[in-house]
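K.L.:
When we follow my numbering, the leftmost residue of the sequence shown carries the number 598, and every step to the right adds one.
Below is a structure I'd like to ask you about.
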Amino acid sequence: MKCLCAVVPREEGENTRLILSDSDNLRTDVHIASDDKFVYLPIISEDGLRYPVQEKELEEIDPPVNFKDILDLPPGLMEQVPNSFDIVGDIFVLKLFPELEPYAKDIASTLLETNKNAKVVAIDRGVKGEFRTRDLEIVAGENRTNTIQKEYGMRYELDLAKVYFSPRLATERKRISDLVKQDEVIMDMFCGVGPFSILLASTGKPTAIFAIDKNPDAINYFIKNIKINKIKKISPMLGDARIRATQLPRPDRIIMNLPHTAIEFLDVAMGAVKKGGTIHLYTIQEPETLDMIKNSIMSLAKSYGRKVSIENVQEVHTYSPSQQMFCFDIFVN
Ligand code: SAM
């Protein structure tokens with residue numbers, strides 16, 4: 598089908614795609630095309646575009662079929678089938694209520710049939726242990742848990758059964774990367790396969806990023822991902838953040854993305870961060886208990902002789918019916 602396309606240099610492609618999509622000016626009925634130099638983004642209107650426009654032949658996208666429309670389950674169970682699920686690369690990750698477990702294979706194969714991007718469907722029985730890995734069972738598709746996730750123009754290779762990764766943090770990672778100022782030194786205390794550090798480094802602003810994780814698999818993938826994305830100035834290191842953080846240069850910004858227990862490491866972060874620096878502390882909690890955490894932060898700062906202000910409490914995403922993930926942006930003086 599012939600379509601009007603914005604002709605965008607490859608390096609600006611992902612950002613422009615997001616901007617066009619946010620302003621409802623990106624067509625979703627055809628595939629995006631690209632060549633060595635440019636990405637061809639199908640547009641609805643030329644108004645306000647700062648890129649040249651060209652007519653191109655683009656392949657049509659089949660209208661999506663909702664897997665629930667063709668799923669056949671006994672009466673009363675359809676309402677329990679989730680409407681949304683995590684997609685990491687080509688792996689679709691489902692959480693099921695216990696009463697749906699006997700139908701896991703039917704649900705997974707229908708999902709596979711109706712989504713051509715899905716190559717593996719796995720049931721997620723929870724994020725567990727110190728390394729925060731998912732307890733996964735593959736129920737349809739290929740027998741593997743490794744994949745490549747694309748996010749804001751970056752690529753992350755990972756094995757979902759061996760390392761932590763959540764696509765639901767993508768917007769939060771972008772928010773933090775937008776806050777980074779020129780020549781910052783950054784510490785990513787619980788870095789996983791590197792999605793915060795790599796996106797932050799891709800802005801070109803930090804002079805150094807020190808990234809720590811206790812999981813050897815996460816650090817190995819992180820090293821691969823630095824190469825894949827051709828990123829410089831990041832030093833990934835295996836170890837316990839409690840010890841490693843005290844041996845590194847003082848950072849301007851610390852990312853503490855270990856939501857259930859990060860607060861137990863806040864003393865180390867308070868001791869390490871430069872005057873005028875920022876700590877991003879992630880928590881999972883009921884919204885009613887936000888004041889309790891704010892008070893703990895303030896009294897811990899006092900005991901360390903540091904003056905802090907909580908500049909922002911960011912809602913990141915819903916975690917359970919009663920709990921949410923939050924980020925406390927703490928300015929430290
Ligand atoms: N920030 C990463 C991301 O966005 O994908 C990963 C976050 S994951 C929730 C937390 C990570 O902390 C895991 O990779 C886990 O292995 C690591 N971890 C847990 N305890 C640790 C510790 N004491 N020191 C360093 N890393 C730790």
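By construction, the Cβ of each residue, glycine as well, lies at the ideal position given by its N, Cα and C atoms.
Between valine 717 and glutamate 696, is the Cβ-Cβ spacing less than 7 angstroms?
P.N.:
Not closer than 7 angstroms, so no.
K.L.:
Say yes only if the C-beta of alanine 838 is nearer than 6 angstroms to one or more non-hydrogen atoms of the ligand SAM, and no if none qualify.
P.N.:
Alanine 838 Cβ: within cutoff of the ligand SAM.
K.L.:
Judging by CA-CA distance, which residue of Ala838, Gly801 and Ser794 is the nearest neighbour of asparagine 812?
P.N.:
The candidate whose alpha carbon is nearest that of asparagine 812 is Ala838.
K.L.:
Provide the residue span of the beta strand (DSSP E) that contains serine 832, from first to last.
P.N.:
Segment 831-835, the beta strand (DSSP E) holding serine 832.
K.L.:
Check the DSSP bridge columns for leucine 691 and list the partner residues they point to.
P.N.:
For leucine 691, which the question treats as bridged, DSSP gives the partners Ile720.
K.L.:
Can you tell me the Cα-Cα spacing of threonine 730 and lysine 702, whole angstroms?
P.N.:
If I take the Cα positions, the gap works out to 22 angstroms.
K.L.:
Determine contact between the segment 804-821 and the segment 830-837, defined as no fewer than three beta-carbon pairs at a distance below 8 angstroms.
P.N.:
Taking 8 angstroms as the limit for Cβ pairs, the verdict is that the segment 830-837 does touch the segment 804-821.
K.L.:
For the ligand SAM, is there any heavy atom lying closer than 6 angstroms to the beta carbon of leucine 697?
P.N.:
The answer is no for leucine 697.
K.L.:
Going by DSSP in three states, glycine 801 sits in which element: helix, strand or coil?
P.N.:
Correct three-state label for glycine 801: coil.
K.L.:
According to DSSP, simplified to helix, strand and coil, what is threonine 707?
P.N.:
Helix.
K.L.:
For asparagine 849, does the count of other Cβ atoms within 10 angstroms reach 16, so buried, or fall short, so exposed?
P.N.:
Correcting the residue identity first, residue 849 is aspartate in this sequence and not asparagine. With 16 or more other Cβ atoms within 10 Å, it is buried.
K.L.:
For phenylalanine 762, does the three-state DSSP call read helix, strand or coil?
P.N.:
Note: phenylalanine 762 maps to coil in three-state DSSP.
K.L.:
Check whether the Cβ of aspartate 888 lies closer than 7 angstroms to any Cβ atom in chain B.
P.N.:
The question asks about chain B, but that chain is absent: this structure has only one protein chain.
K.L.:
What is the residue span of the beta strand (DSSP E) that asparagine 743 lies within?
P.N.:
Its beta strand (DSSP E) spans residues 743-748.
K.L.:
Should methionine 751 go down as buried or exposed, given a rule of 16 or more other Cβ atoms within 10 Å for buried?
P.N.:
It is buried - the Cβ of methionine 751 has at least 16 other Cβ atoms within 10 Å.
K.L.:
Quick check for students: name the residue ranges of the beta strand (DSSP E) that lie wholly in the segment 808-889, counting only runs of 3 or more.
P.N.:
Fully enclosed beta strand (DSSP E) runs of 3 or longer: 831-835, 850-853 and 874-882.
K.L.:
Under the rule that 16 or more other beta-carbon atoms within 10 Å means buried, what is histidine 914, buried or exposed?
P.N.:
Histidine 914 is exposed by the Cβ-count criterion.
K.L.:
Any heavy atom of the ligand SAM closer than 6 angstroms to the Cβ of arginine 607?
P.N.:
No, Cβ of arginine 607 sits at least 6 angstroms from all heavy atoms of the ligand SAM.
K.L.:
Can you give the Cα-Cα distance for valine 604 and glutamate 654, rounded to whole angstroms?
P.N.:
Going by the C-alpha atoms only, they are around 13 angstroms apart.
K.L.:
So, with DSSP's three-state summary, where would you put isoleucine 641?
P.N.:
Of the three classes helix, strand and coil, the one that applies to isoleucine 641 here is coil, per DSSP.
K.L.:
Taking 6 angstroms as the cut-off, is the beta-carbon of isoleucine 809 closer than that to any non-hydrogen atom of the ligand SAM?
P.N.:
Yes, since a heavy atom of the ligand SAM falls inside the 6 angstroms radius drawn around the Cβ of isoleucine 809.
K.L.:
Cα-Cα, which of Pro764, Lys747 and Asn743 is closest to leucine 755?
P.N.:
Of the listed residues, the one whose Cα sits closest to leucine 755 is Asn743.
K.L.:
Between methionine 786 and isoleucine 795, what straight-line distance do the alpha-carbon atoms span, to the nearest angstrom?
P.N.:
Taking the straight line joining both Cα atoms gives about 14 angstroms.
K.L.:
Roughly how many whole angstroms lie between the Cα atoms of lysine 725 and phenylalanine 928?
P.N.:
The straight-line gap from Cα to Cα measures roughly 31 angstroms.
K.L.:
Rank Glu652, Phe635 and Val636 by C-alpha distance to the C-alpha of glutamate 643 and give the top, closest one.
P.N.:
Checked all of Glu652, Phe635 and Val636; the closest Cα to glutamate 643 is Glu652.
K.L.:
In whole angstroms, give me the CA-to-CA distance for valine 690 and aspartate 683.
P.N.:
Those two C-alpha atoms are separated by around 5 angstroms.
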